[in-house]
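Student: Protein chains in written order, with the working numbering: chain A, 40 to 335; chain B, 40 to 335.
2 protein chains.
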Amino acid sequence: MTEAEFIAALRRLPLHPGALGIADDAARLGGFVVTTDTLVEGVHFLPDDPPGDVAWKVVAVNLSDLAAKGAVPEGIMLNYPLSGGAWDRAFLAGLNACLAVFDCPLLGGDTVSLPAGAPRVLTVTAFGRDAAAPARSGAQAGDHLWVTGCIGDAGAGLAVARAGEGPVALLAAYRRPRPRLAEGRVLGPIAHAMMDVSDGLLIDAWRMAVASGLAVTIALDQVPLSTAYRAYAGNDPLRAATAGDDYQLLCALPPDQRPTGVATCVGAFAEGRALALTHRGAPVAVPERLGFEHRV
Amino acid sequence: MTEAEFIAALRRLPLHPGALGIADDAARLGGFVVTTDTLVEGVHFLPDDPPGDVAWKVVAVNLSDLAAKGAVPEGIMLNYPLSGGAWDRAFLAGLNACLAVFDCPLLGGDTVSLPAGAPRVLTVTAFGRDAAAPARSGAQAGDHLWVTGCIGDAGAGLAVARAGEGPVALLAAYRRPRPRLAEGRVLGPIAHAMMDVSDGLLIDAWRMAVASGLAVTIALDQVPLSTAYRAYAGNDPLRAATAGDDYQLLCALPPDQRPTGVATCVGAFAEGRALALTHRGAPVAVPERLGFEHRV
């Protein structure tokens, strides 16, 4: 069965009220938001990615979900497959760095052994408090679409990692994403809808529109691109907007909210059910691939 | 690095106060206890185990940790590798049954794809409330050692699964363990120490003794064996007490607490640092293998 079919089947199981119908990106439990993400070697990270970067990433992708809830990290649980050697030590060093940088302590976890040659599968479950952000489904017609930071750096960084050479800044964006926790605290209370950009700006904006029952138009010329990205990939906002692993925040804001300096306005919501792209006001064809579908 | 070394390294990371020093079987978060366990195909379950039984087991082993805290299940998160076919559907049926039987709703989770041929890795994180039980480290000299249910059925059931024939009751004990939630609620408030028996009665009793800084003696002739076990494996309490997957509860009780009908007294704690075995009062040599060490 497909992932969508599986999730539809999960919705027919006994659900906790805090599961929010398995429709949101995080669950609610007591005063906490809870989120979990699994990374698989060869699927979500490369077998030769440095172990410390894998540690960083498995924590960061979860903290990004907390950021999208406007939450403050409370702690994480880690499910870890022991390798038995240098990989474990390097992983721990990266884990230590990430937990320190994002002020997120370890709560517990589990370690297992994998059969020889099996790809590593790592899970983190993250807990946040004081979540102030709405679901992804709350966008209203007339809202503007805003995104934090720059888009496309991580996707370019994946190309750098695969090529074995290229700008370090892009590689770092891919390997050590920085969840937008502070921005989430600012944007959460004023947003109508919020989520993180994990699979690509276009696909995630489209998901927000679908969840909200709206159409969305994205102005490609407004998509924020870094100097490093432009130098590496050229002025190619469509490539940037269909690449994954940004871990920026995407939100729907009423037009009178303009948090410049925290985010960039890249589009708008309207009545309807369409995804439209423009460049300097002119229509642009929507590409077949909007982002990384396997990570929906 | 070994698992013990890895866990020692985790203790040097930034820890949440609720992590309890990564020394207990569950963390504390707000009013909840949190525990997580990962099952690996080929390590913790057999590749030809029915998918519905795998679903049951990955939930049940976590609920057993809640039972050991005297907690009431609040909900679970599931991290699941999609197979894409009948396996998924059968898994969901078993999951539904287990959640219904133990009145434990789904909170959320994550699905991933694995590379072709990779062993399945499944994680459940479980939340419980109203936990009334002590840590495994609180046993006192003079306490008696009590265990719920019967020991060894699941180990014999594993032998049945591998042989492809044998008593269904033993197979069910291995494939669909029943976490001792009700017993945990009774024993938790009166116990000095409590934990579940996942790797074998001897090794888990020894862990409780070590955590409590005590010696423990186990009377093998008192180990409760089921009629089905005796018929299949003979009157062999040592084999039963070194087999895993029982998911019974083990607790240290003061001598004036005698919860007959809920548990069976199988030993006692004393000053010292030894594990001793007796049979009808006579000493029995301690075997080299106390249980399933890889699942410590």
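Glycine included, every Cβ here is placed at the ideal spot set by N, Cα and C. From a predicted model like this one, the values you see are computed outputs, not experimental measurements.
Closest by CA to arginine 159 of chain A, which one among A/Pro263, A/Gly306, A/Arg50 and A/Val97?
Tutor: Start at 1 with the first residue of the first sequence, and residue 159 of chain A comes out as number 120. It is A/Val97.
Student: Mind listing the chain A neighbours of arginine 128 of chain B? Cutoff is C-beta to C-beta under 7 Å, in chain order.
Tutor: Here residue 128 of chain B refers to the residue found at position 89 when the second sequence is read from its first residue. Neighbours of arginine 128 of chain B on chain A, chain order: Met40.
Student: What does the alpha-carbon distance come out to for the pair arginine 215 of chain B and alanine 200 of chain B?
Tutor: Residue 215 of chain B sits at position 176 when you count from the first residue of the second sequence. Residue 200 of chain B sits at position 161 when you count from the first residue of the second sequence. Each residue's alpha carbon lies about 13 Å from the other.
Student: For leucine 161 of chain A versus proline 120 of chain A, is the C-beta distance shorter than 9 Å?
Tutor: Residue numbering aside, residue 161 of chain A sits at position 122 when the first sequence is read from its first letter. Residue numbering aside, residue 120 of chain A sits at position 81 when the first sequence is read from its first letter. A contact, by the Cβ cut-off of 9 Å.
Student: Give the secondary structure of isoleucine 190 of chain A by DSSP, where H, G and I count as helix, E and B as strand, and everything else as coil.
Tutor: On the first sequence, residue 190 of chain A is found 151 positions in, with the first residue counted as 1. Looking at isoleucine 190 of chain A - three-state DSSP - the assignment turns out to be coil, as it is neither helix nor strand.
Student: First and last residue of the alpha helix (DSSP H) that includes proline 276 of chain A?
Tutor: Walking along the first sequence from the start, residue 276 of chain A turns up at place 237. First-last of the alpha helix (DSSP H) with proline 276 of chain A: 276-280.
Student: Give me the residue from A/Asp285, A/Leu54, A/Ala43 and A/Glu222 with the minimum Cα distance to alanine 110 of chain A.
Tutor: To locate residue 110 of chain A, count along the first sequence from 1; it is residue 71. Among A/Asp285, A/Leu54, A/Ala43 and A/Glu222, the Cα nearest to that of alanine 110 of chain A belongs to A/Glu222.
Student: Name the one or two DSSP bridge partners that glycine 148 of chain A has.
Tutor: Mapped onto the first sequence, residue 148 of chain A falls at position 109. Note: glycine 148 of chain A sits in a beta bridge opposite A/Leu117.
Student: Using 8 Å as the Cβ pair cut-off and three pairs as the minimum, do the region 178-193 of chain B and the region 221-235 of chain B touch?
Tutor: yes
Student: Please determine, among B/Asn101, B/Ala313 and B/Tyr271, the residue with the shortest C-alpha to C-alpha distance to aspartate 192 of chain B.
Tutor: If you number the second sequence from 1, residue 192 of chain B lands on position 153. Comparing Cα-Cα distances from aspartate 192 of chain B to each of B/Asn101, B/Ala313 and B/Tyr271, the minimum goes to B/Tyr271.
Student: What does DSSP give as the partner residue(s) for glycine 181 of chain B in the beta ladder?
Tutor: To locate residue 181 of chain B, count along the second sequence from 1; it is residue 142. Partner(s): none; glycine 181 of chain B has no beta bridge.
Student: Check the Cβ of isoleucine 242 of chain A against every Cβ in chain B and list those closer than 7 Å, keeping chain order.
Tutor: Indexing the first sequence from 1 puts residue 242 of chain A at position 203. Simply none; closest approach about 17 Å.
Student: Ignore the nearest five residues each way along the sequence and tell me which others in histidine 55 of chain B's own chain have a CB closer than 6 Å to its CB.
Tutor: Taking the second sequence and counting its residues from 1, one reaches residue 55 of chain B at position 16. Cβ neighbours of histidine 55 of chain B beyond the five flanking positions: none.
Student: Taking all protein chains shown into account, do 16 or more other C-beta atoms lie within 10 angstroms of the C-beta of proline 276 of chain A, making it buried, or fewer, making it exposed?
Tutor: Counting from 1 along the first sequence, the entry for residue 276 of chain A is found at position 237. Buried, because 16 or more other Cβ atoms sit within 10 Å of the Cβ of proline 276 of chain A.
Student: Buried or exposed for glycine 156 of chain A, going by 16 or more other Cβ atoms inside 10 Å?
Tutor: Numbered from its first residue, the first sequence carries residue 156 of chain A at position 117. By the 10 Å Cβ count, glycine 156 of chain A comes out exposed.
Student: Should alanine 232 of chain A be labelled buried (16 or more other beta-carbon atoms within 10 Å of its own) or exposed?
Tutor: Within the first sequence, numbered from 1, the residue matching residue 232 of chain A stands at position 193. So alanine 232 of chain A ends up on the buried side.
Student: Given alanine 208 of chain A, which residues of its chain have a CB within under 6 Å of its CB, disregarding the five upstream and five downstream residues?
Tutor: For the purposes of this step, residue 208 of chain A is taken as the residue at position 169 of the first sequence. Ala267, listed in sequence order.
Student: Output needed for glycine 205 of chain A: all residues of its chain with C-beta closer than 6 Å, excluding positions within five of it in sequence on either side, in chain order.
Tutor: Counting from 1 along the first sequence, the entry for residue 205 of chain A is found at position 166. Closer than 6 Å at the Cβ level, and outside the excluded window around glycine 205 of chain A, lie Val199.
Student: Distance, Cα to Cα, asparagine 274 of chain A vs alanine 280 of chain A?
Tutor: For the purposes of this step, residue 274 of chain A is taken as the residue at position 235 of the first sequence. For the purposes of this step, residue 280 of chain A is taken as the residue at position 241 of the first sequence. Roughly 12 Å separates the two Cα atoms.
Student: Residues in its own chain within less than 6 Å of aspartate 285 of chain B by CB, not counting five upstream and five downstream?
Tutor: As a working mapping, residue 285 of chain B is identified with position 246 in the second sequence. For aspartate 285 of chain B, where only same-chain residues beyond five positions count, the Cβ hits under 6 Å are Ile190, Ala193 and Val236.
Student: Would you mind working out which of A/Pro293, A/Ala195 and A/Phe308 sits nearest serine 251 of chain A, comparing C-alpha positions?
Tutor: Mapped onto the first sequence, residue 251 of chain A falls at position 212. Of A/Pro293, A/Ala195 and A/Phe308, the residue nearest in Cα terms is A/Phe308.
Student: In whole angstroms, what is the alpha-carbon distance linking glycine 133 of chain A and leucine 292 of chain B?
Tutor: Taking the first residue of the first sequence as position 1, residue 133 of chain A is located at position 94. Taking the first residue of the second sequence as position 1, residue 292 of chain B is located at position 253. So the two alpha carbons sit approximately 43 Å from each other.
Student: First and last residue of the alpha helix (DSSP H) that includes methionine 247 of chain B?
Tutor: Counted from its first residue, the second sequence places residue 247 of chain B at position 208. Segment 240-251, the alpha helix (DSSP H) holding methionine 247 of chain B.
Student: Assess contact between the region 71-89 of chain B and the region 99-107 of chain B, defined as three or more Cβ pairs (one per stretch) separated by less than 8 Å. Is contact present?
Tutor: yes
Student: Pick helix, strand or coil for glutamate 80 of chain B, following the three-state DSSP scheme.
Tutor: Stepping through the second sequence from its first residue, residue 80 of chain B is reached at position 41. In the three-state reduction of the DSSP assignment, glutamate 80 of chain B falls in the strand class, which pools E and B.
Student: List the residues of chain A whose Cβ lies closer than 7 Å to the Cβ of leucine 134 of chain B, in chain order.
Tutor: As a working note, residue 134 of chain B is residue 95 in the second sequence. Within 7 Å Cβ-Cβ: Leu52.
Student: With which residues is cysteine 290 of chain A paired in a DSSP beta bridge?
Tutor: The sequence position of residue 290 of chain A within the first sequence is 251, counting from 1. DSSP lists A/Trp185 and A/Met233 as the beta-bridge partner residues of cysteine 290 of chain A.
Student: Does the Cβ-Cβ distance between arginine 50 of chain A and glycine 57 of chain A come in under 9 Å?
Tutor: Stepping through the first sequence from its first residue, residue 50 of chain A is reached at position 11. Stepping through the first sequence from its first residue, residue 57 of chain A is reached at position 18. No, Cβ-Cβ distance for arginine 50 of chain A and glycine 57 of chain A is not below 9 Å.
Student: Could you give the DSSP three-state label for cysteine 143 of chain A: helix, strand or coil?
Tutor: Residue mapping note: residue 143 of chain A aligns to position 104 of the first sequence, counting from 1. Looking at cysteine 143 of chain A - three-state DSSP - the assignment turns out to be coil, as it is neither helix nor strand.
Student: Starting from proline 91 of chain B and walking both ways along the alpha helix (DSSP H), at which residues does that stretch end?
Tutor: Position 52 of the second sequence, counted from the first residue, corresponds to residue 91 of chain B. With the sequence shown as reference, residue 91 of chain B is identified as glycine, and proline is not the correct amino acid for it. Annotation for glycine 91 of chain B: the continuous alpha helix (DSSP H) segment containing it runs 90-106.
Student: Using only alpha-carbon positions, find the residue among B/Leu68, B/Ala171 and B/Asp260 that is nearest to proline 112 of chain A.
Tutor: Looking up residue 112 of chain A in the first sequence gives position 73. Proline 112 of chain A has its Cα closest to that of B/Leu68, out of B/Leu68, B/Ala171 and B/Asp260.
Student: Going by DSSP, name the residue or residues bridged to alanine 254 of chain A.
Tutor: Taking the first sequence and counting its residues from 1, the one referred to as residue 254 of chain A is at position 215. According to DSSP, alanine 254 of chain A bridges with A/Ala309.
Student: List, in chain order, every chain A residue whose beta-carbon is nearer than 7 Å to that of aspartate 149 of chain B.
Tutor: Numbered from 1 along the second sequence, position 110 holds the residue referred to as residue 149 of chain B. Thr75, Asp76 and Thr77, listed in chain order.
Student: So if DSSP puts valine 323 of chain B in a beta bridge, which residue, or which two residues, is it bridged to?
Tutor: Counting from 1 along the second sequence, the entry for residue 323 of chain B is found at position 284. Paired residues: B/Leu316.
Student: With 9 Å as the C-beta to C-beta threshold (strictly closer), list the residues of the region 108-122 of chain A near chain B in chain order.
Tutor: For the region 108-122 of chain A, which is checked against every Cβ of chain B, the residues closer than 9 Å are Glu113, Gly114, Ile115, Met116, Leu117, Asn118, Tyr119, Pro120, Leu121 and Ser122.
Student: Which of the three DSSP states is assigned to leucine 264 of chain A in this structure?
Tutor: Position 225 of the first sequence, counted from the first residue, corresponds to residue 264 of chain A. In this structure, leucine 264 of chain A counts as coil in the three-state DSSP scheme.
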